[in-house]
Amino acid sequence: MSKRTPDTELLPTLDLSGPALRSGFEELVAAAEPGGGMDVYLTALQFKSKLFGEWFLGKQSAALDTPRFLGLCTFMPTVRRRVGAWLGSNDFADLHRQLLLLMQPGTTVQARFDAFVAAFPTDRTCRWARDLAAEVLHFCTPDETPLMTRWMWDAHSGSGVLREIWFNDSRELDPRIIPDRLATFVALKAELEIFLRDNGTYRDFGLMQDLLCAHIYSRYINDRGSTYLKGDFAGAEDAMAHTRRLLGLDCYERDGIRMKVKLPETMSVALATPLQLDA
725 MSKRTPDTEL
735 LPTLDLSGPA
745 LRSGFEELVA
755 AAEPGGGMDV
765 YLTALQFKSK
775 LFGEWFLGKQ
785 SAALDTPRFL
795 GLCTFMPTVR
805 RRVGAWLGSN
815 DFADLHRQLL
825 LLMQPGTTVQ
835 ARFDAFVAAF
845 PTDRTCRWAR
855 DLAAEVLHFC
865 TPDETPLMTR
875 WMWDAHSGSG
885 VLREIWFNDS
895 RELDPRIIPD
905 RLATFVALKA
915 ELEIFLRDNG
925 TYRDFGLMQD
935 LLCAHIYSRY
945 INDRGSTYLK
955 GDFAGAEDAM
965 AHTRRLLGLD
975 CYERDGIRMK
985 VKLPETMSVA
995 LATPLQLDA
């Protein structure tokens, strides 16, 4: 019987490279060690997940306003560079309404994801919409919903982590056959969980996959650069720099959390202080 997503879509067959995954995992373990090991990064991702769950999914979601939203955007690198410009000429209430609909049960994840993206213009100024929806859906329920950002897999440009871990000697990675829809990311999530279990990981599979994929893609950024990430990811300080930035963890500093959202001139940074958990 063919495997399907909870949304009943057939899962594609992915031909992943075992050596690429193993080398990426080994490099991640080594690179994380000077900063305290992978548990430090997992703890930071757990905080991000709790914060997102509280403000996008929990009882606080109805009270989300512009300052709090911008504070949350500091944890989303491919959102924070562009969303401020949109908010400078649009009403946050419209965006808030779409976020509430995104997290409202009753329709499939793919349908809600598609509806959110379709609510914004399709030009370059609103590419952040897809990544915003992907980050919110995933980090509210990281073990259930896979991360569907463009840096994971963008069928339009044929780029992302999936390209970096594809088994090149096998069939071609054809975006027409492997689209950037939920079914592909569910299939990737299942394959990565098997790999992580085989390599001694037994918890936080969703967040561990984020770490592994971000570190693998950071090699691409280091080696070749990336058009839509270049501005925010230049000048790596260490082996984990791009990994932290892809996951929005570069906002953590010794004295707290640094605001990193690019705001329009009409907006004050004071209105967008990053949030802390209420509980």
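Position one of the sequence shown corresponds to residue 725 (my numbering), numbered consecutively onward. Beta carbons are placed, not taken as given, at the ideal position from N, Cα and C, and that holds for glycine. Given the structure is predicted, the values throughout are model-derived calculations rather than measurements.
Discussion item. Below 8 angstroms, how does it come out for the segment 923 to 942 and the segment 856 to 869: are there three or more Cβ pairs, yes or no?
Written reply: Contact between the segment 923 to 942 and the segment 856 to 869 is present, because at least three Cβ pairs lie under 8 angstroms.
Worksheet item: Cβ of residue 827 within 8 angstroms of Cβ of residue 780?
Response: Taking 8 angstroms as the Cβ cut-off, residue 827 and residue 780 qualify as a contacting pair.
Fill in: Alpha-carbon spacing of residue 946 relative to residue 837, whole angstroms
Approximately 30 angstroms, taken between the alpha carbons.
Worksheet entry | Span separating the alpha-carbon of residue 725 from that of residue 736 | Here the model assigns residue 725 a pLDDT of 43, short of 50, so the residue's position is not dependable, and the following value carries that caveat. Inter-residue distance for residue 725 and residue 736 is about 13 angstroms (C-alpha atoms, whole angstroms).
Worksheet entry | Ordered list of alpha helix (DSSP H) runs contained in the segment 888 to 949, each at least 4 residues | As far as the segment 888 to 949 is concerned, its whole alpha helix (DSSP H) runs of at least 4 residues are 906 to 922, 929 to 948.
Discussion item. If I follow the unbroken alpha helix (DSSP H) through residue 756, where does it start and stop?
Written reply: It spans 742 to 756 - the alpha helix (DSSP H) in which residue 756 sits, taken as one unbroken run.
Item to complete: Taking all protein chains shown into account, decide if residue 750 is buried (16 or more other Cβ within 10 angstroms of its Cβ) or exposed.
Response: If you draw a 10 Å sphere on the C-beta of residue 750, you find fewer than 16 other C-beta atoms in it, and that means exposed.
Practice prompt. State the Cα-Cα distance for the pair residue 809 and residue 972, rounded to the nearest angstrom.
Written response: Taking the straight line from one Cα to the other gives about 19 angstroms.
Worksheet item: In the structure shown, what three-state DSSP assignment does residue 778 receive?
Response: Looking at residue 778 - three-state DSSP - the assignment turns out to be helix.
Worksheet item: How would you call residue 883, buried or exposed, if buried means at least 16 neighbouring beta carbons within 10 angstroms?
Response: Buried.
Discussion item. Please state the DSSP three-state secondary structure of residue 773.
Written reply: Residue 773: helix per DSSP, three-state reduction.
Worksheet item: Helix, strand or coil for residue 878 per DSSP?
Response: Strand, per DSSP.
Worksheet item: From what residue to what residue does the alpha helix (DSSP H) around residue 784 run?
Response: Element bounds for residue 784: n/a, residue is neither H nor E.
Discussion item. Rounded to whole angstroms, what is the Cα-Cα separation between residue 754 and residue 920?
Written reply: About 16 angstroms.
Discussion item. Quick check on DSSP: helix, strand or coil for residue 734?
Written reply: Of the three classes helix, strand and coil, the one that applies to residue 734 here is strand, per DSSP.
Item to complete: State whether the segment 828 to 835 contacts the segment 812 to 820, with contact taken as three or more CB pairs (one from each stretch) at a distance under 8 angstroms.
Response: They do not touch, by the three-pair rule.
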